[in-house]
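Residue numbers (numbering that gives the first Met the number 0), protein chains in the order written: chain A, 0 to 373; chain B, 0 to 341. Every residue, glycine too, gets a C-beta built ideally from N, C-alpha and C. Note that this is a predicted model, so its numbers are computed, not measured.
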Amino acid sequence: MESLDSSQPVPAPSTLSDKPPRRSIWRWFQRWEWMLFALILVVTFLNARLSPFFLNAQNLSRTSSDFMEMGLMMLSMTFIIITGNIDLSVASNLGMCASFMGWLFNNGVNIWVAALAALVLGTLGGLLNGALVAKLKLPALVVTLGTYAFFRGMAYVLLGDQAARGYPASFTYLGQGKLPGTLIPFSVALFAFLAMIFGLVLHKTTFGRYLYAIGNNEKAARYSGIPVDNIKMIIFTLSGFMSALAALIMAARFGSTRPDIATGMELSVITAAVLGGVDINGGIGTMVGAALSLILIGLMKFGMGLLNIQGQVQGIAIGLLLIFSILLPRLSGQIGRKSAFSRKTFVYAAGIILAFVLFFAFFFWSRAPILLGG
Amino acid sequence: MTAKRADTMDLQQRLSSNPLLVIARIRETGIILVILLLVLAVSLRSPSFLTLSNFRDILLNISILIIVALAQTMVILTKSIDLSVGSMIGLTAMMVSFIIKQYPEFSPLAAILLGMAVGSVLGLFNGLIIAYGEVPPIIATLGTLSIYRGMIFLYSGGTWINAFEMSKSFKLLAKGTILGVPHLVYIAFGVSVLVYFLLNHTRLGRNIYAIGSNPDAAQFVGIPKKHIIFAVYLLCGIACGLAGVLWASRFESAQTNTALGFELQTVAASVVGGVSISGGVGTVPGVLLGALLLGIIQNALTMIRISPFWQLAIQGLLILLAVVVDNLISREMQRSVRQWNR
Numbered sequence: 000m001e002s003l004d005s006s007q008p009v010p011a012p013s014t015l016s017d018k019p020p021r022r023s024i025w026r027w028f029q030r031w032e033w034m035l036f037a038l039i040l041v042v043t044f045l046n047a048r049l050s051p052f053f054l055n056a057q058n059l060s061r062t063s064s065d066f067m068e069m070g071l072m073m074l075s076m077t078f079i080i081i082t083g084n085i086d087l088s089v090a091s092n093l094g095m096c097a098s099f100m101g102w103l104f105n106n107g108v109n110i111w112v113a114a115l116a117a118l119v120l121g122t123l124g125g126l127l128n129g130a131l132v133a134k135l136k137l138p139a140l141v142v143t144l145g146t147y148a149f150f151r152g153m154a155y156v157l158l159g160d161q162a163a164r165g166y167p168a169s170f171t172y173l174g175q176g177k178l179p180g181t182l183i184p185f186s187v188a189l190f191a192f193l194a195m196i197f198g199l200v201l202h203k204t205t206f207g208r209y210l211y212a213i214g215n216n217e218k219a220a221r222y223s224g225i226p227v228d229n230i231k232m233i234i235f236t237l238s239g240f241m242s243a244l245a246a247l248i249m250a251a252r253f254g255s256t257r258p259d260i261a262t263g264m265e266l267s268v269i270t271a272a273v274l275g276g277v278d279i280n281g282g283i284g285t286m287v288g289a290a291l292s293l294i295l296i297g298l299m300k301f302g303m304g305l306l307n308i309q310g311q312v313q314g315i316a317i318g319l320l321l322i323f324s325i326l327l328p329r330l331s332g333q334i335g336r337k338s339a340f341s342r343k344t345f346v347y348a349a350g351i352i353l354a355f356v357l358f359f360a361f362f363f364w365s366r367a368p369i370l371l372g373g
Numbered sequence: 000m001t002a003k004r005a006d007t008m009d010l011q012q013r014l015s016s017n018p019l020l021v022i023a024r025i026r027e028t029g030i031i032l033v034i035l036l037l038v039l040a041v042s043l044r045s046p047s048f049l050t051l052s053n054f055r056d057i058l059l060n061i062s063i064l065i066i067v068a069l070a071q072t073m074v075i076l077t078k079s080i081d082l083s084v085g086s087m088i089g090l091t092a093m094m095v096s097f098i099i100k101q102y103p104e105f106s107p108l109a110a111i112l113l114g115m116a117v118g119s120v121l122g123l124f125n126g127l128i129i130a131y132g133e134v135p136p137i138i139a140t141l142g143t144l145s146i147y148r149g150m151i152f153l154y155s156g157g158t159w160i161n162a163f164e165m166s167k168s169f170k171l172l173a174k175g176t177i178l179g180v181p182h183l184v185y186i187a188f189g190v191s192v193l194v195y196f197l198l199n200h201t202r203l204g205r206n207i208y209a210i211g212s213n214p215d216a217a218q219f220v221g222i223p224k225k226h227i228i229f230a231v232y233l234l235c236g237i238a239c240g241l242a243g244v245l246w247a248s249r250f251e252s253a254q255t256n257t258a259l260g261f262e263l264q265t266v267a268a269s270v271v272g273g274v275s276i277s278g279g280v281g282t283v284p285g286v287l288l289g290a291l292l293l294g295i296i297q298n299a300l301t302m303i304r305i306s307p308f309w310q311l312a313i314q315g316l317l318i319l320l321a322v323v324v325d326n327l328i329s330r331e332m333q334r335s336v337r338q339w340n341r
């Protein structure tokens, strides 16, 4: 990401002002995680007012498993983004692994053997990313954009226009089953367990400290003896493994696999991590924040689904949330500086606002007759 | 990037007295060589490949790609990226098609202007949040990718525009021919000339390269970095607006998934054409050759009856191959600069 960053280091979402951090209760409450927590409360409250089906244990239990594939990939994505890299290939890797498993299953291989093979394939896919990024020193963005196409392409090559279905119940338990005697889905329990491990690794181990060090200043990290290349290999490989794990869960949840499975999910995964306060430039972020933002996105999507808002239109809300979660803290820092407002900027601002007004006027004016007239 | 550059005059001299330029040339000749080999191999398998009409098909197919890939190139040259191009094309195509359906007598030229106006507002938003809001480009355009795609659904309510709902004059906009060559090819050629002129003969073009090769130095010499980055996103939006109108005319339809995933092809064409993702390096002829290579591969796959499902995988491999080759070249370049310095 370093190569693409066109901006100066700016205050990250987790530190809301430029002042040096002081250890006080007030500052602790200013952390981004509390902001997310407040947003979760607001969304929950609004949703509960808007739909009577929202606060229903059965519904919440069922919907929570919809976000676990995203969550699993988000865990390793958090590691990668904290080091200042990015992995755009996660959803394609998921598609390739799920298709590979489906293809093996269609050809009569035992489902568990196929699942194991898919895990190996996904890990190898991650290893390929890691090798290109760490050993050949290529920018992660373009490498994973390449494998984004390559992995998804392999998914289509494997399954074509076919689908794999008819997985045995023992396998679909991974995605559909609940822990015995409770409402907690198996996938949620798995996610919670792994999230805890990833959080501990990130915040309580040397390895975790290394990730922050690489993200803050890769050169300094290298000169101080941190095995930067090996760590990059490890986290990209881990990301491949988590994608494969997510592939198993998702295939089990759907009970079938098509090659376009999880298309575009990398966006949601990155959104979840970034909204959770993980700085895309690296060096900043917590696992708690990432997990909270997953809950927030999940609740928002569930609520919008109950209101019959199409998935694609929900994308508008998620996209706006992503952009403004980064934009607002930066703008609030800029507004304090008076120099930004000259006569010239005022004229430009007026022009820009006029352009947007005209655009939306045209947008709603031109669509009205066709939709009403049929 | 790591080589120390005292001043630009010195750099100019170095570039001309050094293997650097030779290597840069190898890049374009390299693609030409690959294209020739591919053409030879495919025409041996399928005689109908090397015909004039097939060549016209290929050109027609890559014209829209060329327009958007050149815009993408300008963005990448400044060390940024625009992942929202596919969604901008789709939204423009849908909005213009709705107007064409309601007003069949709407002139195709006016449709193009309308499309570019719509695209410019979309690019304006990207430019604002990236240049002045300082949102990292990849995050901002990943966000607008889904926002603009969602707006297509919001706009159309999930419906689409079919060929019979479009006026004949609008459909001829892309496919009508002058001297046997489709309009679309002329338009792509015109855009290429424009972008070439802009990058090589204007101050804006020089500044775009300057920002990409060394943002800090560019700022020190007084180049208005934010305004330039804003400008490239605005231009990219306008190009996508143009491409959206042409897309609707070429495929005689506008659907909610129009140009879905097209951003990948534009980045592929640029990167294969020798544009460096870390900014500052890339030429218009290179990108044209990159787009041509993608178009020939796509055409060849159908010609020699390989499943179209391979196409995406091959595109991915091409991107990876291109960046690996680029990496080897730039290492070689740095070594030769170091030797020259000694």
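Residue range of the alpha helix (DSSP H) that residue i falls in?
{"i": "residue 275 of chain B", "result": "It is not in any alpha helix (DSSP H) - residue 275 of chain B carries neither H nor E in the DSSP assignment."}
{"i": "residue 38 of chain A", "result": "31 to 49"}
{"i": "residue 82 of chain B", "result": "First-last for residue 82 of chain B: undefined, no H or E at that position."}
{"i": "residue 172 of chain A", "result": "168 to 175"}
{"i": "residue 280 of chain A", "result": "Where residue 280 of chain A is concerned, there is no enclosing alpha helix (DSSP H), given that its DSSP letter is neither H nor E."}
{"i": "residue 102 of chain A", "result": "89 to 105"}
{"i": "residue 205 of chain B", "result": "202 to 212"}
{"i": "residue 296 of chain A", "result": "286 to 305"}
{"i": "residue 243 of chain A", "result": "227 to 253"}
{"i": "residue 51 of chain B", "result": "51 to 76"}
{"i": "residue 185 of chain A", "result": "185 to 203"}
{"i": "residue 217 of chain A", "result": "217 to 222"}
{"i": "residue 309 of chain A", "result": "Unbroken run through residue 309 of chain A: none, as it is neither H nor E."}
{"i": "residue 136 of chain B", "result": "136 to 155"}
{"i": "residue 265 of chain A", "result": "264 to 274"}
{"i": "residue 131 of chain B", "result": "Unbroken run through residue 131 of chain B: none, as it is neither H nor E."}
Quick test of your reading: residue i and residue j, contact by CB under 8 angstroms. State the CB separation rounded to the nearest angstrom.
{"i": "residue 333 of chain B", "j": "residue 293 of chain B", "result": "Not really, about 29 angstroms apart at Cβ, beyond 8 angstroms."}
{"i": "residue 288 of chain B", "j": "residue 27 of chain B", "result": "6 angstroms"}
{"i": "residue 125 of chain A", "j": "residue 238 of chain A", "result": "5 angstroms"}
{"i": "residue 128 of chain A", "j": "residue 63 of chain A", "result": "Going by Cβ atoms, the distance from residue 128 of chain A to residue 63 of chain A rounds to 29 angstroms, so no, they are not a contact pair."}
{"i": "residue 178 of chain B", "j": "residue 249 of chain B", "result": "Wrong, their Cβ atoms sit about 19 angstroms apart, outside the cutoff."}
{"i": "residue 81 of chain A", "j": "residue 282 of chain A", "result": "7 angstroms"}
{"i": "residue 32 of chain A", "j": "residue 288 of chain A", "result": "5 angstroms"}
Can you list, in chain order, the residues of its chain with a C-beta nearer than 7 angstroms to that of residue i? Leave out the 5 residues immediately preceding and following it.
{"i": "residue 148 of chain B", "result": "86, 89"}
{"i": "residue 74 of chain B", "result": "80, 81, 231, 232, 235"}
{"i": "residue 140 of chain B", "result": "80, 81, 82, 83, 125"}
{"i": "residue 150 of chain A", "result": "88, 91, 92, 94, 95, 124"}
{"i": "residue 352 of chain A", "result": "none"}
{"i": "residue 6 of chain A", "result": "A caution first: residue 6 of chain A carries a pLDDT of 45, below 50, which makes its placement in the model unreliable, though a value can still be read off. Around residue 6 of chain A: no qualifying Cβ."}
{"i": "residue 59 of chain B", "result": "181, 183, 184"}
Among the residues of its own chain, which have a CB less than 8 angstroms from the CB of residue i, if the five just before and after it don't count?
{"i": "residue 183 of chain A", "result": "60, 177"}
{"i": "residue 66 of chain A", "result": "293, 296, 297, 300"}
{"i": "residue 120 of chain B", "result": "236"}
{"i": "residue 34 of chain B", "result": "288, 291, 292, 295"}
{"i": "residue 66 of chain B", "result": "186, 187, 190, 238, 241, 242, 245"}
{"i": "residue 269 of chain B", "result": "68, 71, 72, 75, 281, 286, 289"}
Just to confirm my understanding: we take residue i, look at its own chain, exclude 5 residues before and 5 after, and list those with CB closer than 6 angstroms. What are they?
{"i": "residue 90 of chain A", "result": "261, 264, 265"}
{"i": "residue 170 of chain A", "result": "110, 251"}
{"i": "residue 16 of chain A", "result": "Low per-residue confidence applies at residue 16 of chain A: pLDDT is 47, beneath 50, and the placement is therefore not dependable enough to give any value."}
{"i": "residue 240 of chain B", "result": "91, 114, 115, 117, 118"}
{"i": "residue 244 of chain B", "result": "95, 110, 111, 114"}
{"i": "residue 3 of chain B", "result": "Reliability fails at residue 3 of chain B, whose pLDDT of 48 lies under 50, so the model's placement of it is uncertain and the value that follows must be treated cautiously. Nothing listed; no residue qualifies."}
{"i": "residue 78 of chain B", "result": "211, 278"}
{"i": "residue 230 of chain A", "result": "209"}
{"i": "residue 272 of chain B", "result": "285, 286, 288, 289"}
task = May I ask you to verify whether the region 239 to 256 of chain A touches the region 137 to 149 of chain A, counting CB pairs closer than 8 angstroms and requiring at least 3?
result = no
request  = Could you say if the region 161 to 169 of chain A and the region 42 to 60 of chain A meet the contact criterion of at least three C-beta pairs nearer than 8 angstroms?
outcome  = no
key: Continuous alpha helix (DSSP H) assignments of at least 4 residues falling wholly in the region 215 to 289 of chain B   = 224 to 250, 261 to 271
inquiry  = Check whether the region 97 to 117 of chain A and the region 270 to 287 of chain B are in contact - that is, three or more C-beta pairs closer than 8 angstroms.
reply    = no
inquiry  = I'd like to know if the region 39 to 50 of chain B and the region 168 to 176 of chain B are in contact, where contact means that at least 3 CB-CB pairs between them fall below 8 angstroms.
reply    = no
request  = Pair every Cβ in the region 195 to 205 of chain B with every Cβ in the region 43 to 62 of chain B, then say whether three or more of these pairs are closer than 8 angstroms.
outcome  = no
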